Amino acid sequence: PHHECGFAMLRLLKPWEYYKEKYGTSFYGLNRMYLMMEKQRNRGQDGCGIANVKLDVPPGVKYINCEKSIDKDPIKDVFERVLQQGADKLSRAPPEALLSSSADGKHPEVDPMWVKENVPFAGELFLAHVRYGTDSDNSIDRCHPVLRESNWMTRSLLLAGNFNITNNEDLFSSLVQIGQHPRELSDTLTLLEKIGHFVDKENNDLYVKYSASGQAPRTCFSLIAENVNVARVLRRASSDWDGGYCIAGVFGHGDAFCLRDPSGIRPAFYMANDEVVVVASEAPLIQTVFGAMESEVHTLPPGHALVVKRSGKWKIESVLPPMPLKQCSFERIYFSRGNDAGVYREREHLGRLLLKPLLKMLEDGGDTLANTVLSFIPNTAELAFNGLVKEAQDEMS
């Protein structure tokens, strides 16, 4: 299937109680993710999914939560269910988890550690996706994020993205050649297993290194969590990919990444400050949801990955050599929101360029503008239509 979807990844950098005190809600991260998905509704309404990873929870505590929906309004459905789960858990907090009363003197505060360990989606790392289905199978299995789960946190991997891999059959064959038995010929699962294979290799190599130095098994895995080289994993996994893609991934231990194809076919934008690191398919939604200036939101360079370590430190890593820029015209003309300053200017200019061929077409047919009715379809063409009108006005003035 071809994907023209939307995604967002969010890493909260402050403790849970910071957001509770500053923004007055226990669900700051979820609320931001909901807004980012709503503002990407134009990119997909066939399905929605959200995942969350909790950092530094003890063994026996569920640290990955994932919910998906193919409801008629999947964004609303999935977030209502997730928020209701959280509200139900908070309402049943045991007495030992309750702290002093809140500022209003009526609602007792709940111990942040109890919230983190017991309330679903109360972790620091979020990944969400809206799906635009272009094949006939609109099942829940087609929704992102997809999960490759393991009892070792550093091997667990969640993946979501906006992509079209053109050599999927070749990648599938390469997995078979190394001894894997993929369960279906799906580009989503192929990429998941392709990355997963090199995640396993990275884990194995590091375990051998630390074990040989005399470290105990549990210490080995703590060291692996600190030292997984995400960029190296991505270089190895993506060396033979062909197509347009922005792939976002989250590891069970808390590392995260977003990788953009070397031709810049699919878009990705990011922002980082002292509260959050966020990456999404479009720049305006980051500006709107986080109250950011246009200058604070940056384009992820083609062939590069935004890598966020479990510590919260982040950097832009070179993964693949950049190729000539070939931005997807469908993204720029149809999918992207018109309140993106660059998209706005491009669409208006495209409309202006239509005037001369339009006048020539009318002249060749013996018609005039006075006998012509013009309109635009779909709504995203309005900016181009306005550009056409402005060019006509300039031409006639």
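Read in the working numbering, the sequence shown has 374 at position 373, and its numbers run on one by one without any break.
Heads up, the beta-carbon is just placed ideally off N, CA and C, and yes, glycines get one too.
Please read these numbers as outputs of a predicted model, since none were measured by experiment.
**Q.** the region 199-216 contacting the region 118-130, beta-carbon criterion three pairs below 8 Å
**A.** no
Q: Look at the alpha carbon of L160 and the alpha carbon of I196, and state the distance between them as a whole number of angstroms.
A: Within the sequence shown, the letter at position 159 stands for residue 160. Within the sequence shown, the letter at position 195 stands for residue 196. Going by the C-alpha atoms only, they are around 10 Å apart.
Q. Below 9 Å between beta carbons: does that hold for V83 and L31?
A. What you label residue 83 is simply residue 82 of the sequence shown in a count that begins at 1. What you label residue 31 is simply residue 30 of the sequence shown in a count that begins at 1. Yes, they are a contact pair.
Q: Starting from the Cα of R348, find the closest Cα among K202, A98 and F331 and give me that residue.
A: Locating residue 348 in the sequence shown gives position 347, where the first residue counts as 1. Closest by alpha carbon: F331.
Q) Can M37 and I248 be called in contact, C-beta distance under 9 Å? A) On the sequence shown, position 36 is the one that residue 37 refers to. On the sequence shown, position 247 is the one that residue 248 refers to. No; because the gap between Cβ atoms is not below 9 Å, this pair is not in contact.
Q) What are the boundary residues of the beta strand (DSSP E) that includes P109? A) Translated into the one-based positions of the sequence shown, residue 109 becomes position 108. Counting along the chain, the beta strand (DSSP E) containing P109 begins and ends at P109 to V111.
(Q) Judging by CA-CA distance, which residue of N230, V320 and A52 is the nearest neighbour of K202? (A) Here the question's residue 202 lines up with position 201 in the sequence shown. Of N230, V320 and A52, the residue nearest in Cα terms is N230.
Q. Distance, Cα to Cα, H4 vs Y133?
A. As a working mapping, residue 4 is identified with position 3 in the sequence shown. As a working mapping, residue 133 is identified with position 132 in the sequence shown. Here the model assigns H4 a pLDDT of 49, short of 50, so the residue's position is not dependable, and the following value carries that caveat. Taking the straight line joining both Cα atoms gives about 7 Å.
**Q.** I76, enclosing alpha helix (DSSP H) - first and last residue
**A.** Working through the sequence shown from its first residue, we reach residue 76 at position 75. Run containing I76: P75 to S92, per the alpha helix (DSSP H) assignment.
Q: Under 8 Å by Cβ, that's how I've got L148 and V54 pegged, so tell me the actual separation to the nearest angstrom.
A: Taking the first residue of the sequence shown as position 1, residue 148 is located at position 147. Taking the first residue of the sequence shown as position 1, residue 54 is located at position 53. Contact flag wrong, Cβ pair sits at about 11 Å.
**Q.** Where D262 falls, given that 16 or more other Cβ within 10 Å makes a residue buried
**A.** Taking the sequence shown and counting its residues from 1, one reaches residue 262 at position 261. With 16 or more Cβ atoms within 10 Å of its Cβ, D262 is classed as buried.
Q: Indicate the three-state DSSP secondary structure (helix, strand or coil) for S319 in the structure shown.
A: Taking the sequence shown and counting its residues from 1, one reaches residue 319 at position 318. Strand, per DSSP.
Q: Would you give the residue range spanned by the alpha helix (DSSP H) that E383 belongs to?
A: Translated into positions along the sequence shown, residue 383 becomes position 382. Here the alpha helix (DSSP H) through E383 covers E383 to M397.
**Q.** Which residues DSSP lists as bridging G50, in chain order
**A.** If you number the sequence shown from 1, residue 50 lands on position 49. According to DSSP, which records beta bridges pairwise, G50 is partnered with K69 and H130.
Q | Through-space distance from P109 to L301, alpha-carbon basis | A | For the purposes of this step, residue 301 is taken as residue 300 along the sequence shown, with counting starting at 1. For the purposes of this step, residue 109 is taken as residue 108 along the sequence shown, with counting starting at 1. Going by the C-alpha atoms only, they are around 43 Å apart.
Q: Can you tell me which of G45, V277, P183 and G265 puts its alpha carbon nearest to the alpha carbon of P322?
A: Sequence index remark: in the sequence shown, residue 322 carries index 321 (1-based). Residue G265 is the option with its Cα nearest to P322.
Q. Can you tell me whether I141 is buried or exposed, with buried defined as 16 or more other CB within 10 angstroms of its CB?
A. Within the sequence shown, the letter at position 140 stands for residue 141. I141 should be labelled exposed.
Q. Pairing CB atoms from the region 42-51 with CB atoms from the region 77-92, are three or more of them under 8 Å?
A. yes
(Q) Quick test of your reading: E283 and R338, contact by CB under 8 Å. State the CB separation rounded to the nearest angstrom. (A) Within the sequence shown, residue 283 is the residue found at index 282, counting from 1. Within the sequence shown, residue 338 is the residue found at index 337, counting from 1. Going by Cβ atoms, the distance from E283 to R338 rounds to 6 Å, so yes, they are a contact pair.
**Q.** Rounded straight-line distance, which links the Cα of F8 to that of A393
**A.** Counting from 1 along the sequence shown, the entry for residue 393 is found at position 392. Counting from 1 along the sequence shown, the entry for residue 8 is found at position 7. Rounded to the nearest angstrom, the two C-alpha atoms are 38 Å apart.
Q: Would you mind stating whether H299 and M272 have Cβ atoms separated by less than 9 Å?
A: The count along the sequence shown starts at 1 and reaches residue 299 at position 298. The count along the sequence shown starts at 1 and reaches residue 272 at position 271. It is a contact, given that the beta carbons lie within the stated cut-off.
Q: Indicate whether H198 and A238 have their beta-carbon atoms separated by less than 9 Å.
A: Here residue 198 is taken as the residue at index 197 of the sequence shown, counted from 1. Here residue 238 is taken as the residue at index 237 of the sequence shown, counted from 1. The answer is yes: Cβ separation under 9 Å.
Q.
Less than 9 Å between the beta carbons of G366 and K391, yes or no?
A. Locating residue 366 in the sequence shown gives position 365, counting from the first residue. Locating residue 391 in the sequence shown gives position 390, counting from the first residue. Taking 9 Å as the Cβ cut-off, G366 and K391 do not qualify as a contacting pair.
Q.
I need the straight-line Cα distance from L389 to L355, nearest angstrom please.
A. The residue given as residue 389 occupies position 388 in the sequence shown. The residue given as residue 355 occupies position 354 in the sequence shown. Looking at the two C-alpha atoms, the distance is approximately 6 Å.
Q) Which stretch, first to last residue, makes up the beta strand (DSSP E) that contains Y246? A) In the sequence shown, the residue the question calls residue 246 occupies position 245. Segment G244 to F252, the beta strand (DSSP E) holding Y246.
Q.
Can you check which of these residues, F28, T289 and E68, is closest to H145 by C-alpha distance?
A. Within the sequence shown, numbered from 1, the residue matching residue 145 stands at position 144. When only C-alpha atoms are compared, the closest one is E68.
**Q.** Three-state class that DSSP yields for N340 in the structure shown
**A.** Within the sequence shown, numbered from 1, the residue matching residue 340 stands at position 339. N340: coil per DSSP, three-state reduction.
Q.
Strictly by DSSP, which residues pair up with H299?
A. By 1-based counting over the sequence shown, the position of residue 299 is 298. Looking at the DSSP assignment, H299 forms a beta bridge with Y271.
Q) Between N66 and D89, what straight-line distance do the alpha-carbon atoms span, to the nearest angstrom? A) Numbered from 1 along the sequence shown, position 65 holds the residue referred to as residue 66. Numbered from 1 along the sequence shown, position 88 holds the residue referred to as residue 89. Between N66 and D89, the C-alpha separation is close to 16 Å.
Q: Determine the direct distance from the alpha carbon of L172 to that of D241, and round the result to whole angstroms.
A: Sequence index remark: in the sequence shown, residue 241 carries index 240 (1-based). Sequence index remark: in the sequence shown, residue 172 carries index 171 (1-based). D241 and L172: Cα-Cα distance of roughly 8 Å.
Q.
Is it buried or exposed, M34, if we count other Cβ atoms within 10 angstroms and call 16 or more buried?
A. Along the sequence shown, one-based indexing puts residue 34 at 33. Classification of M34: buried, given that the 10 Å Cβ count is 16 or more.
**Q.** C-alpha gap between T381 and Q41, whole angstroms
**A.** Here residue 381 corresponds to residue number 380 of the sequence shown, with the count starting at 1. Here residue 41 corresponds to residue number 40 of the sequence shown, with the count starting at 1. Taking the straight line joining both Cα atoms gives about 14 Å.
Q) Got a sec? Which residues, its chain only, sit under 8 Å from L363 by beta carbon, not counting five neighbours each side? A) As a working note, residue 363 is residue 362 in the sequence shown. If we look at L363 and ignore the five residues flanking it on each side, its Cβ neighbours are T369, L370 and T373.
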